[in-house]
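Report on one structure; see the data block that follows.
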Amino acid sequence: MSPSAPWVDEVLRLFAVPIVMCLVHWLAMNADFLRRAVRTAPRDIRGALAVLRLKFSMKRALKSDRGIQDILLDTVARNRKKVAIVDIDREIEWTFEELNENVNRYARFLQGMGVKPNDVVALVLTNSAHYVAAWLGCAKIGAVSAWINTNLRHSSLQHCLDVSNAMLILADDEILQGVREVTEKPVFALSEVNVGEQSTYEPVCEEPPRFQSRLCLIYTSGTTGLPKAAVIKHLRFYYIAKSGTFVFGCKHSDRIYVCLPMYHTSAGVLGIGQTIVNGSTCVIARKFGVRRFWKDCVRFECTVGQYIGEICRYLLTAEPCEEEKLHKVRLMIGNGLRPAIWTQFVDRFRIAKVAELFGSTEGTSNLVNFVNKVGSCGFIPIYPFVHKFYPVMLYQADLETGELLRDDEGRAIPCKPGETGVLVCKLRRKDPILQFEGYIDPKDTEKRIVHLPEPAFCSGDILEWDDLGYFYFKDRTGDTFRWKGENVSTTEVESVLQAVVALEDSIVFGVQIPSAEGRAGMIAVVVDRRQSDSIADVLDLVMQRFAANLPPYAVPIFVRVCSEVDKTGTFKLRKVRLQQEGLNCGDDAVFVLDTIIKRYVPFHKEMLHKLKF
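Counting from 1, one number per residue, gives the positions in the sequence shown under the UniProt record's numbering.
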């Protein structure tokens, strides 16, 4: 080996020691970060590969510029005789070929009714194979389907139908009368449609929808007091559905049990989407039932299930059954599984993997926990450069109002690991995954956009971020809370109470109660004694209003009767103290909803563990 040049030795002598010292100093200063980075590296590599595969799939789909209706045809061509959908309650089993034929029948029926590209068709339907065929039929002819919550009644239902601007409505027979009471638009029951008489040939569409065309409207609760119609494009449907494949690990061979309402994203997009884009089989139940869940999974050999936190608790409180040990479910996908029951649920039912997700129908600030981290709703790698590629972060905020806190220059302040803040995602028009399509009403869209100073989507959800990059849900800001798997708008409930003249003030909020997921609704009221001396009579009137105007999940469970409530200097009602006190109401009288007699009855804390929610 030839000796090095003298100048090389001189350079090494001069700089080697300082370089080594700087390196040692940097390692010492960043030892904790390096320890955490090494610990999370396997997780982060898996996550990066999943995101890259998803982005590559999205890029190819964008380039082809074909809608979901064409992607369905590709899937049908590959799986013609394979079972696509099993509808348990209607005793229907369709192969992919039969699914496409029924989609064509609905498309031709709608064309016969004058539906054209970009027209809206409202669907007020419970879970069924025909629900899937109906909205796919809309897509085939370029129409937009509006997925309406079947629990809505009266003004809420009318609002959803009105904002959709639907030209006609399809409804289940048992819902038909309630729909016709609130609209003058043509309403057809599924039993009246007779799609079996329609041709199964592919319909002709002069303006076939593209990948960035509108596919459907899905309603989400908001601060306006009434549901907001979120715009779902074909690309967003594809993105969510493909996430099931690349991120959660759904397979072509899977049989997915769908018992959540299909008018929501979890079942209607993520669940059914596996059939459309992945060729999996969906087993559809009309609704969730504790006694039937594992029996259905065993009978139909399901390998993937969906949940919301409440479902897991209901299953845990049920009596053990033989089927819970015989099922083949390897993967459960959902949101809201509480840390307190996570391990118990996995151990009892022997679930190999729980994929917990966090996000909203319309939002871009989405998180995923696919590594079985108990209690976490997702993660983002702790490396600072990651935010340039996936700009989802927590920002410091006023936890009462949800308003972002800012520095002296007006910039939003990012949270550090271990801090709590509001989840926000920067928007990027060139990245379809980070586009916020918004709502039908532009004013609602503007309310969800904040400036950091860059434009960003604000989720309104408060999360905690630990030093390994895991997120944990803490609370929801604004005027909504979650109960029975649904978002309850406090403003909507309060608007129903405005007609009760005996109430001087009323505030609606959610309270946490033991062994229940989400928050139970509570009203704090001040009774005007000049209008009524009987609290019982006032509460009966309140219950009558609720029963006539609210879906069952939105009816408050508790009523707190106060002598007065806190107000701001501008006479706005304060609810933070009431929320913090929960059921610790001091000398105030508290009433609880008796769901059997449909009345509010006096509540005592000894009753709490006897109540079933």
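Cβ coordinates follow ideal geometry from the N, Cα and C atoms, glycine included.
Reference residue i; option with closest CA among the options
| i | options | result |
| --- | --- | --- |
| R35 | D467, S360, G309 | D467 |
| P414 | E197, R313, H451, M543 | H451 |
| G402 | V525, I276, N100, V424 | V424 |
| E197 | Y106, Q306, D479, A48 | Y106 |
| S191 | C216, I175, C205, E181 | I175 |
| N149 | A129, A133, L394, L125 | L125 |
| P203 | K140, L168, V247 | K140 |
| H154 | R80, R108, L226 | L226 |
| D431 | I523, I169, L62 | L62 |
| C377 | T364, E310, R350, E464 | E464 |
| M522 | G67, L578, V368 | L578 |
| S360 | V576, S280, L270, Y383 | L270 |
| H234 | Q69, Q177, Y131 | Q69 |
| E97 | N79, R60, D540, F436 | N79 |
| residue 616 | E91, A31, P209, L217 | The question about residue 616 has no answer here: the residues shown for the chain are numbered 1 through 613. |
Beta bridge counterpart(s) of residue i as assigned by DSSP
| i | result |
| --- | --- |
| E356 | G334, N369 |
| E93 | V86 |
| L593 | Y600 |
| F509 | M522 |
| C425 | V392, F457 |
| residue 616 | Residue 616 cannot be examined here, being either before or after the span of the chain that is shown, 1 to 613. |
| K228 | T220 |
| S145 | V121, C216 |
Boundaries of the alpha helix (DSSP H) in which residue i is found, first to last residue
| i | result |
| --- | --- |
| Q69 | 68-78 |
| A37 | 31-64 |
| E310 | 309-317 |
| N487 | Run containing N487: none in the alpha helix (DSSP H); it sits in the beta strand (DSSP E), 486-489. |
| I240 | 234-243 |
| Y131 | 129-140 |
| F293 | 290-299 |
| A547 | 535-549 |
| A340 | 339-349 |
| L190 | 190-193 |
| L168 | Unbroken run through L168 is the beta strand (DSSP E), 168-171; no alpha helix (DSSP H). |
| T275 | 272-278 |
Close Cβ partners of residue i (< 8 angstroms) along its chain, the five nearest in sequence each way excluded
| i | result |
| --- | --- |
| I88 | V283, I284, A285, R286, D296, F300 |
| T568 | At T568, the pLDDT of 48 sits below 50, so the modelled position is not reliable and the matter cannot be decided from this model. |
| E93 | V83, I85, V86, D87 |
| G438 | A230, V231, E362, D444, T445, R448 |
Beta-carbon spacing of residue i, residue j below 8 angstroms
| i | j | result |
| --- | --- | --- |
| R255 | C302 | yes |
| H228 | D74 | The sequence as given places Lys at residue 228; His does not occur at that position. No. |
| V525 | D505 | yes |
| F558 | V500 | no |
| E207 | P320 | no |
| Q306 | V371 | no |
| residue 627 | K185 | Outside the modelled stretch of the chain, which goes from 1 to 613, sits residue 627, for which no answer is possible. |
| V527 | A502 | yes |
| L394 | E362 | no |
| V163 | A171 | no |
| V304 | V329 | yes |
| W135 | S145 | yes |
| L326 | V298 | yes |
| D461 | V422 | yes |
| K598 | M543 | yes |
| N369 | F379 | yes |
Enclosing beta strand (DSSP E) for residue i [first to last residue]
| i | result |
| --- | --- |
| R214 | 214-220 |
| I523 | 520-527 |
| R448 | Run containing R448: none; DSSP gives neither H nor E here. |
| V561 | 558-561 |
| V576 | Careful: V576 lies outside any beta strand (DSSP E), inside the alpha helix (DSSP H) at 576-581. |
Contacts around residue i, its chain only, beta-carbon distance under 6 angstroms, and the 5 residues preceding and following it disregarded
| i | result |
| --- | --- |
| K373 | Y470 |
| R482 | G518 |
| T183 | L161 |
| I308 | G334, G336, G485 |
| N100 | V76 |
| C585 | R560 |
| P455 | L427, I449 |
Cutoff 7 angstroms; reference residue i; Cβ partners in own chain excluding five residues on either side
| i | result |
| --- | --- |
| G273 | F237, I240, A241, G244 |
| L110 | V121, G137, C138, I141, A143 |
| I341 | C312, R313, L316 |
| L405 | Q396, A397, D398, I413 |
| M113 | L168 |
| F603 | F558, V590, F591, V592 |
| H387 | M393 |
| K474 | T420, I462, L463, E464 |
| T200 | E101, N104, R105 |
C-beta neighbour in chain C for residue i, strict 8 angstroms
| i | result |
| --- | --- |
| L190 | Structure shown: chain C not included; a single protein chain is present. |
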